[in-house]
Each structure stands twice: as C-alpha cells, then as structure tokens.
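What follows is a set of notes on a single structure, which appears directly below.
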Amino acid sequence: MIGAREVFPRPRTPERRVTGAPRAWPWAVPVLVLLIPLLLWPLATILWRGLAPEGVPDAAAIGAVLGDGYYWERLVFTTAQAAASTAVALIVGLPAAYVFSHIRFPGRAVARALVTVPFVLPTLVVALAFQQLVGPDGLLNDALAWFGFGRIEVVGTIWAILAAHVFYNVSIVIRLVAGVWANLDPRTEEAARLLGAGRWATLSEVTLPALAPAIASAAALVFVFSFTSFGVVLVLGGPGLDTLEVVIYRLAIRLVELPAAAVLSTVQIAATVAVLGAYSLLQRRTARPLAQRSERARPLRETSWPERGLALGVAVVLALLIAAPLAALVHGAF
Numbered sequence: 144m145i146g147a148r149e150v151f152p153r154p155r156t157p158e159r160r161v162t163g164a165p166r167a168w169p170w171a172v173p174v175l176v177l178l179i180p181l182l183l184w185p186l187a188t189i190l191w192r193g194l195a196p197e198g199v200p201d202a203a204a205i206g207a208v209l210g211d212g213y214y215w216e217r218l219v220f221t222t223a224q225a226a227a228s229t230a231v232a233l234i235v236g237l238p239a240a241y242v243f244s245h246i247r248f249p250g251r252a253v254a255r256a257l258v259t260v261p262f263v264l265p266t267l268v269v270a271l272a273f274q275q276l277v278g279p280d281g282l283l284n285d286a287l288a289w290f291g292f293g294r295i296e297v298v299g300t301i302w303a304i305l306a307a308h309v310f311y312n313v314s315i316v317i318r319l320v321a322g323v324w325a326n327l328d329p330r331t332e333e334a335a336r337l338l339g340a341g342r343w344a345t346l347s348e349v350t351l352p353a354l355a356p357a358i359a360s361a362a363a364l365v366f367v368f369s370f371t372s373f374g375v376v377l378v379l380g381g382p383g384l385d386t387l388e389v390v391i392y393r394l395a396i397r398l399v400e401l402p403a404a405a406v407l408s409t410v411q412i413a414a415t416v417a418v419l420g421a422y423s424l425l426q427r428r429t430a431r432p433l434a435q436r437s438e439r440a441r442p443l444r445e446t447s448w449p450e451r452g453l454a455l456g457v458a459v460v461l462a463l464l465i466a467a468p469l470a471a472l473v474h475g476a477f
C-alpha cells in the first residue's frame with residue numbers, strides 16, 4: 144500500500160522574489176496617512192500620558208508593575224484561557240465546517256445564518272445570554288429543579304467563560320474553514336485513495352495540509368478575541384478569573400491607577416502584536432498553492448449513514464451551544 148506521504152510529497156517553499164515589493168508602497172502610503180492620525184497617534188498619546196503623567200516616564204512605577212507577580216499570573220491565565228478557548232472552538236468548529244462544506248441537509252441555509260448570529264452580538268449581550276441560561280436563576284437550574292435535581296454553579300467558573308468564548312467565536316472557524324474546504328479540488332483526495340492511501344492518511348497528508356492556512360487564520364483570530372475578552376469575563380468570571388483586560392479596567396476606572404493600567408495595556412498590545420506577527424510569519428513560510436477550481440469543486444451530496452450521524456451530532460452541539468443561550472436571552476426578556 145502506498146501512503147499519501149509518498150504520493151503527494153510536501154513541496155519545498157519557493158524562494159520569494161522581491162522585485163515587485165516596491166510597487167506596494169504607493170498603496171501603503173494612503174493607509175499609513177489614515178492609520179497614523181486616526182489610530183496610532185491617539186493610542187500612543189494615551190499610553191504616554193499613562194506612562195509619563197509628569198512628562199517623564201516613571202521608571203520606579205513601571206518596574207513595580209512589571210515586578211508584581213500578580214500581574215504576571217493574570218497574563219498567564221489570560222493566555223491559558225485564550226488557548227483553551229481556541230482549542231475548544233476548533234474541536235467544535237472543524238466537524239461543523241465539514242458538515243457545511245460536504246453534506247446536504249434540510250435547513251442548511253438557516254443553520255449557516257444561525258451560526259453567524261453570535262459573532263455579531265455585543266459581548267455583554269453574550270454574557271447576559273449565558274447568565275439567563277446557566278446563572279443561579281437561569282433556565283438550566285430551573286429545569287434541574289423541576290426534575291428534582293440540585294442547582295449547579297456555572298457562572299463564576301472557567302467553564303462559563305470557555306463556553307461563552309466558543310459560542311462567540313466558533314462561527315469564525317466554521318466560516319473560514321468551510322469556505323476553503325468546499326472549494327478544494329476533490330481529485331487530489333480521490334487520487335490518494337486510488338493509489339492506496341486510507342481515509343485517515345488522506346485526511347492527515349492531503350486534506351489537513353491544504354486546510355492548514357485557513358485553520359491557522361481561524362485559530363489566530365479566536366485566540367486574539369479571547370485574549371482581549373472583557374465583557375464576557377467581567378460578567379461571567381469569578382474570583383481568580385480576571386483576565387488582563389479586566390485588570391486594566393479595574394486599575395483605570397475603579398482605582399484610577401493610570402500608570403499601572405498603561406503599563407499593562409502596553410504588555411497586552413505587545414502580546415497581541417507578537418501573536419499576529421508569529422501567525423503572519425508562519426503563514427508565509429508554510430503557505431502553498433491550493434488545488435482549487437473556479438467553479439464549486441465539491442458539490443453537496445446526499446449523506447451516508449455515518450455522515451448523517453456526524454451531522455446529527457454537530458446539530459445537537461450547535462443547538463446546545465448557540466440556540467440555547469439565544470433562546471434563554473429571549474425568554475428572559477419576557
């Protein structure tokens with residue numbers, strides 16, 4: 144049996160030519176002209192006023208913040224919960240992306256629209272929806288009490304934060320990956336199977352490498368959104384669950400410690416830029432041409448029984464994750 148690795152060897156990354164690089168500068172100038180006065184200058188001004196309220200940076204105050212172990216603990220927790228949120232979003236989103244890109248089922252258009260709804264909701268609305276669903280007086284605890292079970296505490300735990308982040312960001316994974324997956328040329332997978340590669344070998348050696356840029360893009364966006372999460376953590380979090388964003392809010396608004404808030408804001412901006420920079424570098428090094436067609440390469444087909452089971456499982460998970468909080472929010476409004 145011939146494996147897919149031998150059939151489709153990984154191509155070497157071609158050397159990049161820089162001959163066309165100067166042509167981009169005429170387009171970059173208008174962008175910089177808009178970004179500098181509208182974004183970069185106000186941001187730099189706010190940070191400078193926080194770091195140097197007297198006109199000169201206070202090295203002692205900056206050192207005190209950077210030397211405080213509590214703030215580093217919050218940075219580690221913020222990074223860990225963002226990574227966990229990203230992992231769960233991928234676990235939920237990738238099977239859903241397969242279903243939406245491969246399988247024909249009733250209500251598919253409605254389901255795609257429903258999946259997009261959470262992403263356009265304000266974060267505080269998302270947090271309130273989960274309060275209505277899993278809060279002390281939420282629908283879940285009411286249902287448990289009706290069946291004679293004890294109430295459970297979800298709000299104020301890491302599980303509430305992770306669920307809300309996945310609810311909010313899973314549509315990114317589904318949209319980005321399903322769009323690419325639907326347009327991959329199926330002949331590469333068919334050729335791998337004809338030459339002896341099994342289903343899992345084809346998936347790991349042919350399909351996933353082709354989807355890697357889309358998966359990386361989705362993961363980077365979900366991580367950044369979860370890393371900078373504020374409203375969800377503020378409402379659903381509890382003691383010991385403050386992210387860096389919430390700590391900055393409390394320092395700036397409640398305690399009016401602007402220098403400390405400015406230092407942590409600088410750390411957060413640097414971390415976010417580092418994540419996006421690492422993603423951009425990785426994408427440039429691993430990107431390769433996709434085997435695609437101009438027309439839809441993979442028409443939706445009727446499902447087999449295993450695919451029906453997968454579609455049903457995805458539907459149940461999405462209903463619990465997306466439809467239930469929205470229904471609880473509507474129920475709480477009346």
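Mapping the sequence shown onto the numbering used here, position 71 (from 1) lands on 214, and the numbers just tick up by one. C-beta: ideal position from N, C-alpha, C; glycine also. Computed from a predicted model, the values in this text were never measured in an experiment.
Query, Result
"Closer than 8 Å by C-beta to leucine 123: which residues in its own chain qualify, once you throw out the five before and the five after it? Chain order, please.", "Nothing in the structure corresponds to residue 123, since the chain is present only between 144 and 477."
"Could you give the C-beta distance for valine 406 and leucine 209, rounded to a whole number, given that I count them as a contact under 8 Å?", "7 Å"
"Taking the alpha-carbon of alanine 454 as reference, which of Leu319, Ala240, Ala204, Pro173 has the nearest alpha-carbon?", "Ala240"
"In whole angstroms, what is the alpha-carbon distance linking valine 309 and leucine 283?", "18 Å"
"Since tryptophan 324 and serine 244 are thought to touch, with beta carbons under 8 Å apart, how far apart are those beta carbons, to the nearest angstrom?", "4 Å"
"Is it the case that the Cβ atoms of glycine 236 and isoleucine 301 are separated by a distance below 9 Å?", "no"
"Anyone know if the C-beta pair for proline 265 and proline 468 falls short of 9 Å?", "no"
"Report back the beta-carbon spacing between alanine 225 and serine 369 to the nearest angstrom; my notes put them in contact at under 8 Å.", "4 Å"
"Looking at C-alpha atoms only, which residue of Val473, Phe477, Ala462, His474 is the closest neighbour of alanine 256?", "Ala462"
"Measuring only the C-alpha atoms, how far is glutamate 438 from glutamate 348?", "Only weak support exists for where glutamate 438 lies, its pLDDT of 47 falling under 50; the coordinates are left without a value."
"Taking the Cβ atom as the reference point for each residue, do valine 277 and isoleucine 295 lie within a distance shorter than 9 Å?", "yes"
"Let me know the secondary structure DSSP gives valine 399 once reduced to three states.", "coil"
"Figure out for me which residue from Phe248, Leu190, Arg330, Leu233 has the closest Cα to the Cα of isoleucine 358.", "Leu233"
"DSSP three-state label for alanine 207, please.", "helix"
"So is the beta-carbon of threonine 350 under 8 Å away from any non-hydrogen atom of the ligand COA?", "What this structure holds is no ligand at all, so the ligand COA is not there to describe."
"Determine the DSSP secondary structure at glycine 299, reduced to helix, strand or coil.", "coil"
"Candidates Val320, Val376, Ala361: which alpha carbon is nearest threonine 350's?", "Val320"
"Taking DSSP as the reference, what is the three-state secondary structure of alanine 476?", "coil"
"Kindly indicate which three-state DSSP category phenylalanine 366 falls into: helix, strand or coil?", "helix"
"Does the Cβ-Cβ distance between phenylalanine 220 and threonine 409 come in under 9 Å?", "no"
"Would you identify the three-state DSSP class for leucine 319, choosing helix, strand or coil?", "helix"
"Smallest Cα separation from alanine 404: which of Val416, Ala414, Ile391?", "Ile391"
"Just verifying my parser: in three-state terms, what is the DSSP assignment at proline 449?", "helix"
"For isoleucine 317, count the other beta carbons within 10 Å of its own beta carbon; 16 or more makes it buried, fewer makes it exposed. Which is it?", "buried"
"How many Å lie between valine 473 and leucine 364 at the Cα?", "28 Å"
"Which whole-angstrom value describes the C-beta separation of threonine 415 and threonine 371, a residue pair presumed to lie in contact below a C-beta threshold of 8 Å?", "7 Å"
"Once the 5 residues before and after alanine 164 are set aside, which same chain residues still bring their CB inside 8 Å of it?", "Because alanine 164 carries a pLDDT of 47, less than 50, the predicted location of this residue cannot be relied on, and the following value inherits that uncertainty. None."
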